[in-house]
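In terms of full-length UniProt numbering, the sequence shown opens at residue 1 and continues consecutively.
Glycine residues also receive a C-beta, built at the ideal position from the N, C-alpha and C atoms.
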Amino acid sequence: MGANQSVHPISRGPQSTGRTRIVSKVLYGSNYTKANRMFVERGKDGKEACIVVQPVAALCCPYEFAICWFSPFISVPSGPVVLYQNWGRNAGTLSPGCKPCWPGWRRISHLVSLQLVTYNHAPKKCPTRDHVFVDLDLSVTLKVNKEQVSKFVFEMGAERLDAYLSFQVEESIRGLVYDVTHDRVNDMRGEFAEDMLAVLQTKVERFGVDIKAVKITNVALPNILQERLENTTSFKTRLTMQSKNHEHTIQTIENTYAQQRQNIAQTFDLQKRSVRAETDREDTEQQEKMAVATSDRAQKTTTAFEAQDVILTKARSDLEVAEFTGRTEKAELVEKTKIECARRVRTTKKECSVETTQSEALREASKDLAAAREAEAAGEGKAAEYQEERIRFEQQKRLAAIDAHFAARGRHVIQGEGGRQLLSAFHDGRGVQASMMKRD
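Shown next, in the form of C-alpha cells:
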C-alpha cells in the first residue's frame, strides 16, 4: 500500500447497526394513554425512537365551535411530561391523573418521554491519518431534561435533534479518527467515547437534552488490514511467549551462577581465614622485632643526646666569643663613622654658605635690571602719547584748512563719483576727529 493510497473497508462486522431516527408521532383522538405505547414502538424497520407525541383532536366541527366544546374528563398518563396550551398559548405542564370538565380552549399539545433513548449511528468511510477508511458503530444514550422540556420542544424538537445529532456525531467521530492511525483505532475506543460524550454534551445541553453515555460498539477495518492486525496480534503473542521463555532461561542461568558464586564465596572465606591466621603469626613476629628495635632506639637516643649536649656547650662558648668580638668591632666602627660624618657636615655647610652669597648677589642684580626695564617702558609710553598728540593737532589743522577753502569758494554742487569720494573723505576725517576728541 503506497503512502498516498487509501484502503476502503470491504464489509462491516456482524455487530454493525444502522442509524437510529429520532422522531415525533401524531396521536389522533383524546386517548392519551396510547402515548406510552407509541414511545416504545420502534417503527417498521426497528430504527425509530419516538420521544415526542403530538395529540390532534379528531373533531369534524369547525374550530370556532370546537373551543366551546367541553369534555367530561380527560386522562393524563403518567411517565411522560405533558404540555398543554390555553387559547393556543403554552401554559406549562399537567400532572398525571383524571382532569374533569376539560374545556375546548385548553388542549394537550405535546407528550415528551423522559426515558433513556439509545441513538445508534454508523459513520462510514472515516479516514485515518494514514489514509485508511474505517467504519464505526456507536451508541449514544440520551434523555430529555425534565426541567427544560418546554425549551426542547419549542427550540429543538425531535426531527431537528435527529439531524443535529447526526451532523455532530459525524463531524466529531471523523475528527477523532483522523487524528490516529488505523492500528490504534481499536485501542482508542474508550478515549473516543469520552471525547464524544464531552463534545455532544456541550452541544445539546442548552437545548434541554442530556447525553448520558457514548459507546463505540464496533470498528470495521478492511479485510486485508484486519488479517494483518490479527497476524500482528498472534505474532505479539508468540513474541510474549518467547520473551517469557527467555526470562525463564535467564532466571535459570542466574540461579546457576548464584550457586557458583556461593561456592566461590565459601572457598574465599576459607582462604581468608587461612590468610588471617598467617597474618596473626606475622604480626606476632613483627611485634617481637619492634620490641628489639625500640630498645636499640632508646640506647642510641641516649647516646645522641649526650653528644648533643657536648656540641651545644661548645657552641655556646663560641657564641660568647663572637659576641664580644662583635661588640668591640662595633664600637670602633661607630667612632670612625661619627668622625667622618662631622667632617662631611662642615664641608657641606661651607659650600652652602658660598652658594647662598652668590644667590643673593644674583637676586640684587635681577632687581636692578627689572627697575631699568620699567623706567625704559615708562619713557616709551610718554613718547607715544606726545606723538599721538602731535598727529591729532595736525589732523585738526588740515580739517580747518579744508573748511576755509570751501568757505572761500562759495557753494558748489558736486555730483557723480567725485562727489561721493569727497563726501566719504570728509566724513572719514570728521570721524577721526570725533574719536580723538573722545580719547581726550
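Straight-line Cα distance separating R37 from L27: Taking the straight line joining both Cα atoms gives about 11 Å.
Contact check, L165 vs V144, beta carbons under 9 Å: Between L165 and V144, the C-beta gap is not smaller than 9 Å, which leaves the two residues out of contact.
Residue from L136, V153, R297 and V169 whose Cα sits closest to the Cα of residue 441: Limits of the chain in this structure are 1 at one end and 440 at the other, which puts residue 441 out of reach.
Residue(s) in a DSSP beta bridge with N86: Answer is R89 and R106.
Nearest-angstrom beta carbon gap, S113 and P80 [assumed within contact, 8 Å]: With a contact defined as Cβ atoms closer than 8 Å, P80 and S113 qualify at about 5 Å.
CA-to-CA distance, L138 to Q168, given in whole angstroms: Taking the Cα positions, Q168 is about 13 Å away from L138.
Same chain, Cβ closer than 6 Å to M196, neighbours up to 5 away in sequence not counted: Excluding residues up to 5 positions away in sequence, S172 and V214 lie with their Cβ nearer than 6 Å to the Cβ of M196 in the same chain.
Burial state of D296, where buried means 16 or more other Cβ atoms lie within 10 Å: Counting Cβ neighbours within 10 Å, D296 comes out exposed, since fewer than 16 surround it.
Proximity of F154 and L176 at Cβ, strictly below 9 Å: Cβ atoms of F154 and L176: not closer than 9 Å.
Nearest neighbour of G157, chosen from Q251, R21, S95 and R261 [CA to CA]: Of Q251, R21, S95 and R261, the residue nearest in Cα terms is R21.
Residue environment, A35, which counts as buried when at least 16 other CB atoms sit within 10 Å: Label assigned to A35: buried.
L83 versus A163: straight-line alpha-carbon distance, rounded: Approximately 24 Å, taken between the alpha carbons.
Supposed contact pair P127 and Y178 - C-beta distance, whole angstroms, cut 8 Å: Taking 8 Å as the upper bound for CB-CB distance, Y178 and P127 are in contact here, some 6 Å apart.
Span of the alpha helix (DSSP H) around L221: That residue, L221, is in no alpha helix (DSSP H); it is neither H nor E in DSSP.
Cβ distance (whole Å) where I51 is taken to contact V117 below 8 Å: Contact between I51 and V117 holds: their C-beta atoms lie close to 6 Å from each other, under 8 Å.
Contacting residues, own chain, Cβ-Cβ under 7 Å from Q148 (five flanking each side not counted): Same-chain partners within the cutoff: G208.
Rounded straight-line distance, which links the Cα of L270 to that of T252: Cα to Cα, T252 sits roughly 28 Å from L270.
Alpha carbon of F346 to alpha carbon of A375, nearest angstrom: Residue identity differs from the one stated: residue 346 is Arg in this sequence, not Phe. Each residue's alpha carbon lies about 45 Å from the other.
Neighbourhood of Y63 by C-beta, 8 Å cutoff - its chain only, sequence neighbours within 5 removed: Reliability fails at Y63, whose pLDDT of 48 lies under 50, so the model's placement of it is uncertain and the value that follows must be treated cautiously. No residues qualify anywhere along the chain.
6 Å Cβ shell around R189 - same chain, five flanking residues per side excluded: Correct list, in chain order: I216.
DSSP three-state assignment for T20, whether helix, strand or coil: Coil at T20, not helix or strand.
Burial state of A49 (16 or more Cβ within 10 Å): It counts as buried.
Cβ-Cβ separation, E159 to S24 (assumed contact under 8 Å), whole Å: At roughly 7 Å, the Cβ-Cβ gap stays under 8 Å, so S24 and E159 are in contact.
Cβ-Cβ distance between K44 and N120 below 9 Å: A distance of 9 Å or more separates the beta carbons of K44 and N120.
Endpoints, the beta strand (DSSP E) within which A49 is located: Per DSSP, A49 belongs to the beta strand (DSSP E) from E48 to V56.
Buried or exposed by the 16-neighbour rule on C-beta atoms within 10 Å, applied to residue 458: An answer regarding residue 458 cannot be provided, because it is not within the stretch 1 to 440 covered by the chain.
Buried/exposed call for F39, threshold 16 Cβ in 10 Å: Result: buried.
Backbone secondary structure at D195 - three-state DSSP: Note: D195 maps to helix in three-state DSSP.
Three-state secondary structure (DSSP) of V185: V185: coil per DSSP, three-state reduction.
Residues near K124 by beta carbon distance below 6 Å, same chain, minus five either side: Excluding the 5 residues flanking it on each side, K124 has same chain C-beta neighbours closer than 6 Å at D135, in chain order.
Neighbourhood of E335 by C-beta, 6 Å cutoff - its chain only, sequence neighbours within 5 removed: Excluding residues within five positions, none has a Cβ falling inside 6 Å.
Bridge-paired residues (DSSP) for I216: By DSSP's assignment, I216 forms a beta bridge with L138.
Proximity below 9 Å, CB of V53 to CB of R129: One thing to note: V53 has its Cβ no nearer than 9 Å to the Cβ of R129.
Contact set for F65: own chain, Cβ-Cβ below 7 Å, skip 5 residues either direction: Confidence at F65 is low in this model, with a pLDDT of 48, below 50, so the placement of that residue is unreliable and no value is reported for it.
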